[in-house]
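Residue numbers (full-length UniProt numbering): 1 to 1043.
Notes follow the structure.
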Amino acid sequence: MDPLSLTLSITSLISVALAVTKTLNDYTSSVKDAAAESNELAVEISGIAHALEALDRFLVSQGAKFKSFNNTSVLYSTIHTCHGRLSSLQSILEKFLKTSEGKKWYRSIVWPFKQDEQVETITILHRCMQIFQFSLSIDGCDLLSKTNEEVSEIRKTQSNTSGEVTEILSLVGNIQFVVEDFGQLYRGIHNEITAVHKGQLDSERENLLKWISSLADPSTNHNNAVKKREPETGVWFLESDDFYTWMRSGGFLWLYGIPGCGKTMLCSTIIEAVKEVCSESTTHILAYFYFDFQDIIKQDVVILLRSLIKQLCANEVELQDELQPMYAKYKASGLATTVEELTSILFSVIDRLDKKIYIMMDALDEYPEQSENSERRELLDQIERIVKHESGNLHILVTSRNEVDIRATLGTLANGGIYIQNSKVDADIGLFRWVVCQFDVLRNCKRVSAIKKALAELPKTLDETYARILSDIAENYFDEARSILRWVAFSARPLSLQEVTEAAVLRPGDDSLDPDERLYNAEDVLRICHGLIAVSREEVKICGTDTECDVVRFAHFSVQEYLMPDRAGSFSISDTSAHSYIAESCISYFLQMDLLDLSDQCLDDNPLLRYSAEYWFTHVQKIESDKDAAPGVLERTYNFLTQNSRNGYLTWLRIRDPGDVNPSYHFQHPINSFPPPLYYASSFGFRDATQRLLKTGTDVNIVQWLLDYKANVNTVESYHSGGFYGRALAIASEGGNEHMVEQLLELGADVNAPGSNKYGNALHQATANGHNRIVQRLLKAGADVNPPNCRKWCNLLQAAAAHGDHATFELLLEVGADVDARGGWQGSTLQAASERDYCKMVKRLLDMGVDVNTHSDGEYDPGTALQAASTEGHIQTVQLLLKYGADVNIQSGKGRDDAHGTPLQAASSRGHSQIVQLLLDSGADVNLPGRDYGSALQAAAEQGHDQIVRMLLNHGAEVNSQGDKEHAERSDSLERWVFKKYGNALQAASAWGNYQTVELLLDSGADINLRNEDYGTALEAALARGEEKMVQLLLGYGATDPA
């Protein structure tokens, strides 16, 4: 190709550059505060256009001095590459403008290129521009007219190349865009490792996510709201300044309004908009939650936190891997995570995510002020903590009614909030619920005059509307309607349509259920309570199994509110009467069935059996303390638990034994394979039934009771250690039932009898669950404060420290608990308190003389208190431990989770920069090797913590130091250099795709071709992990091709 022909290619490239520039201008002119990224591209493309115009003029004037430009020449290849990149840009931009047409809010927030794509594109375009500029000299143009191979040969043979040519050669090396096949050996290693580990890793991650949250799926509420929403609902808010500012800058928004104004509809619109943004960008992530007055599971702070954590981790493999040790620890110990611990985990996840994080919560007012699980005050406190968490990437939005306690917290955080009630909102959604209810009246009008009359007589309020709906129910179906409304309002979980159909005709105290009384069709339920209930297809956990079914719910939160006492007349429902009604109905259902020959078909034919088996006692618990309100229920409960209803009792346990750790049916199990009635009465906290059983002479020591009941020894042991609590006293202590504990002690229960596999005795049960008053009573009764059979806890004091129970902690110290005991899941009491950041406990122990460097052999938390605090990022605890003389360079133990290494390595791996600085200032050896991580630098590099990498290098970290080979040799030879953290910092960062870290290390003198006899080079590590972009980067820096 002659020089003049080359100008045709340049002219074509200039044309593409101008087209892209025009498209960028169209975007910026149509969007308020257009994305800054568009300006970056425009500047780079403008520079290319100017350089090409200059090159075009140069070739026209100097072309005669050059013979030809081969199609494989560097300059032609660069023009071809630049043309392809710009054409791709143009295509993406045109598609983006077309698909976002009519969505002003979307264009103002979304930029169609991911951050790494943007950086890569600008880098390539800038290098192209530099090559075009270098070609504006005769020497440069002559060099660039040669092929890549010829340029490489020049590079090998000319040792004294001019500075300009050297720079050109460097650019040429960096602009190679295709990675060649570097040999089947390394591909084979990668494939082999992947095949061996992928299935195992995927299974472990799936189990982790299930453990984090499997009870509440917020998508069911969201999908239902989306189905009911009109297409343009909420667009007014998406185009508002409030939404734009919140999306771009973060912060907290509180949207509040009156009942029925469409808060949930608006929230679903916002969630859909944010989901759309997240689907187009890897730098945005969404987690949301719908509180639900009809679903008790979605009225729990713990469930909220677990759901948010799961959603944020769902597609973040590295985060999931980091949570695996915690999962293993809790799974093995059987402990439940506390609100405090879950909040700490959530903050850790937020801090590790280098993304814009959107957290949305709808219908906060549907979380009752006094719920079964906690008070709404606790929920508000947690929301406040999340909002105030120091993170610049949080975008939080909450919707609710404007209730006093909610406003007291959220109004301050959100500077008053946004009231969803003005003319613009009314025009958009109006009083959605009120309008929906009127459709039924108007739909039955057949004449214009009838429509006019109906419009004139429409109820003015929701209460009047609901009163009219109830008055329209046929009188001969009043009982069915009341039963349906009670069950839907107060069921312990969402009910299927088949279950509600059965419940509609079930009555407490009935001796039998006449098949002819059943409703002819399940749809009749909807006809009887038309306008009050609705059906949606959802997944519900029934007897431990996720089951998709038609779920019946109230049509709106305001329906249940209206049905509460004093508003709905004869249809009013109180919680006590409803729970009594449902409990007695469930027991009657068992007695009516009286089935000994159970099967899956039998359960299908009697659709309320599963629910009754799983939740009858839950409803009794709700009203058990109110004896005057439910004497019939208590009498029926006692009779059900005794031999007066042997077959009904056995039917219940065969369907759903509440003590079964892994729920399953036991259709053929005999009566003596289950614990006796006293066990269940004690476990459920049934004071009346327990007292009556004990008065009949029942032995309070359940193990002996079982033996007397002719149960075999193996059965007794399985209940004793497989998740059941060994004795009634242990059950009562774990559940916090003070009255029952007192009663059992008076009757001679052994206060030191061994408990379950989790804890040593009843005192451990009470301590681990924060029941301070019961702890006091048991100690008074002679409970051993340092029992020899503590099992998973090293002692009571460690259990109190792990749960942050300061009152019990002090009480145990006063009565002589051993402060130096070691073992258990968390090593020692000092370590447990340090890991949870309970500074007061830590100081108290240290003031009592506990060795600050106590080295424990805890199975999951080996090491010392300083390592535990450094790992979890508790800077105040770290400062305190250092003040008391903690060894800053101490190594971890040899337990199952041995990833702690030194405190500096632990903090470096977790990204706790403040603690890293504190440890370095306190004399931490920056190059000390240890355990999984060869050094602190390697730990930080593997996780991509660039700030910490800089800190360590500034403090003298050896950039080329090798890992702890002695520890590495214990790992499998194939996986250790890919999946473990040995070798050196550059290998670790390369294997895990941390580009900026790699560049930082190379700029700091890391040897790119340093070979380790076991782990190869950084390039080989990147190849084995399939990190092709990293391979390109390393080759650009001069890495040697291993092929």
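Idealized CB from N, CA, C, for every residue including glycine.
Practice problem: Report whether the distance from the Cβ of ALA534 to the nearest heavy atom of the ligand MG is below 6 Å. | Solution: Among the components modelled here there is no ligand, and therefore nothing to report on the ligand MG.
Practice problem: Please go through the UniProt repeat "ANK" (981-1013) and give each complete alpha helix (DSSP H) segment of 4 or more residues, from N-terminal end onward. | Solution: Fully enclosed alpha helix (DSSP H) runs of 4 or longer: 985-991 and 995-1003.
Exercise. Output the distance between the C-alpha atoms of GLY47 and ALA54, rounded to the nearest integer angstrom.
Key: For GLY47 and ALA54, the gap between their C-alpha atoms comes out near 11 Å.
Quiz item: How is ILE396 classed by DSSP in three states: helix, strand or coil?
Solution: Residue state for ILE396 is assigned as strand, using DSSP reduced to three classes.
Practice problem: Measure the beta-carbon distance from ALA936 to VAL926 and round it to whole angstroms, keeping in mind my assumption that it falls under 8 Å. | Solution: Correct: roughly 6 Å between the Cβ atoms.
Exercise. Could you tell me the distance, in whole angstroms, from the CA atom of ILE528 to the CA atom of TYR477?
Key: Going by the C-alpha atoms only, they are around 7 Å apart.
Quiz item: Since HIS764 is in the alpha helix (DSSP H), which residue starts that stretch and which ends it?
Solution: Run containing HIS764: 762-768, per the alpha helix (DSSP H) assignment.
Exercise. Taking 8 Å as the threshold, find out whether the stretch 340-351 comes into contact with the stretch 260-279 through three or more Cβ pairs.
Key: Result no; under three Cβ-Cβ pairs closer than 8 Å.
Exercise. To the nearest angstrom, report how far apart THR1040 and LEU1000 are at their CA atoms.
Key: Their backbone Cα atoms lie some 19 Å apart in a straight line.
Exercise. Thinking ARG537 and ASP516 are a contact (beta carbons under 8 Å), I'd like their distance in whole angstroms, please.
Key: Contact between ARG537 and ASP516 is ruled out by a C-beta separation of about 30 Å, above the 8 Å threshold.
Quiz prompt | Residues bridged to ILE542 (per DSSP) | solution = As a beta-bridge residue in DSSP terms, ILE542 pairs with THR545.
Exercise. Could you pull out every residue in the same chain whose Cβ sits closer than 7 Å to the Cβ of VAL16, ignoring the five residues on either side in sequence?
Key: Taken in chain order, the residues that qualify are HIS83, LEU86, SER87 and GLN90.
Practice problem: Return the residue from the list LEU364, LEU208 and TYR244 that minimises the CA-CA distance to GLN320. | Solution: It is LEU208.
Quiz item: How would you write the range of the alpha helix (DSSP H) that ALA613 sits in, first residue to last?
Solution: Annotation: the continuous alpha helix (DSSP H) that includes ALA613 extends over 609-623.
Quiz prompt | Touching by the beta-carbon criterion (3+ pairs, under 8 Å), the stretch 394-406 and the stretch 248-259 | solution = Output reads yes: the stretch 248-259 touches the stretch 394-406.
Quiz item: What is the DSSP secondary structure of PHE243, counted as helix, strand or coil?
Solution: DSSP places PHE243 within a helical segment (H, G or I) once states are collapsed to three.
Quiz item: Expressed to the nearest angstrom, what Euclidean distance is found between the alpha-carbon atoms of MET564 and ALA613?
Solution: Here the C-alpha atom of MET564 lies approximately 27 Å from the C-alpha atom of ALA613.
Quiz item: What is the rounded straight-line gap between the Cα of ASN221 and the Cα of GLU206?
Solution: Straight-line Cα distance between these residues: approximately 23 Å.
Quiz prompt | Where GLU624 falls, given that 16 or more other Cβ within 10 Å makes a residue buried | solution = The residue in question, GLU624, is buried, as its Cβ has 16 or more Cβ neighbours within 10 Å.
Quiz item: Do ILE533 and ASN505 come within 7 Å of each other at the CB atom, strictly closer than that value?
Solution: The identity of residue 505 in the sequence shown is Val, whereas the question assumes Asn. If you check the CB distance, VAL505 and ILE533 do not come in under 7 Å.
Self-check item: Extent of the continuous alpha helix (DSSP H) run through MET841
Solution: 839-847 is the span of the alpha helix (DSSP H), which, as asked, contains MET841.
Quiz prompt | Coil, strand or helix - TRP111 by DSSP | solution = Three-state DSSP puts TRP111 in coil, outside helix and strand.
Practice problem: Can you tell me which of GLY804, ARG518 and PRO754 puts its alpha carbon nearest to the alpha carbon of ASP605? | Solution: The shortest C-alpha separation from ASP605 is found at ARG518.
Quiz item: Whose C-alpha, out of GLY863, SER909 and HIS874, is nearest the C-alpha of LEU887?
Solution: One detail in the question is off: residue 887 reads as Asp in this sequence, not Leu. Comparing Cα positions, the closest option is GLY863.
Practice problem: Count the C-beta pairs between the stretch 862-877 and the stretch 909-928 that are closer than 8 Å, then say yes if the count reaches three, no if not. | Solution: Segments in contact, yes.
Practice problem: Kindly list the residues whose CB is nearer than 8 Å to the CB of ASN761, restricted to its own chain and excluding five residues on each side of it in sequence; keep chain order. | Solution: Contacts found: ALA730, VAL751, ASN752, ALA753, PRO754, GLY755, ALA783, ASP784, PRO787 and ASN789.
Practice problem: May I ask you to report which of helix, strand or coil DSSP gives ARG822? | Solution: Residue state, collapsed to three classes: strand.
Quiz prompt | Proximity below 7 Å, CB of ALA865 to CB of LEU880 | solution = Taking 7 Å as the cut-off, the beta carbon of ALA865 is found no closer than this to the beta carbon of LEU880.
Practice problem: Name the two residues that bound the continuous alpha helix (DSSP H) containing TYR638. | Solution: 631-641 is the extent of the alpha helix (DSSP H) around TYR638.
Quiz item: With burial defined as no fewer than 16 other Cβ atoms inside 10 Å of the residue's Cβ, what is the status of HIS126: buried or exposed?
Solution: It counts as exposed.
Exercise. Report yes if the C-beta distance between VAL998 and ALA991 is below 7 Å; otherwise report no.
Key: At a Cβ-Cβ threshold of 7 Å, VAL998 and ALA991 do not count as neighbours.
Practice problem: Count the CB pairs spanning the stretch 806-817 and the stretch 769-780 that are closer than 8 Å, and state whether there are at least three. | Solution: With the cut-off at 8 Å, the stretch 806-817 and the stretch 769-780 touch.
Quiz item: Does DSSP put PRO677 in a helix, a strand or coil?
Solution: It is helical.
Quiz prompt | Residues near LEU796 in its chain [Cβ-Cβ closer than 7 Å; skip 5 each side] | solution = Cβ within range, chain order: LEU763, HIS764, THR767, VAL785, LEU812 and ALA817.
Practice problem: Quick one: grab the DSSP three-state call for GLU390. | Solution: DSSP places GLU390 outside both helix and strand once states are collapsed to three, so it counts as coil.
Quiz item: What do you get for VAL559, buried or exposed, if any count of 16 or more other CB atoms within 10 angstroms of its CB means buried?
Solution: Classification of VAL559: buried, given that the 10 Å Cβ count is 16 or more.
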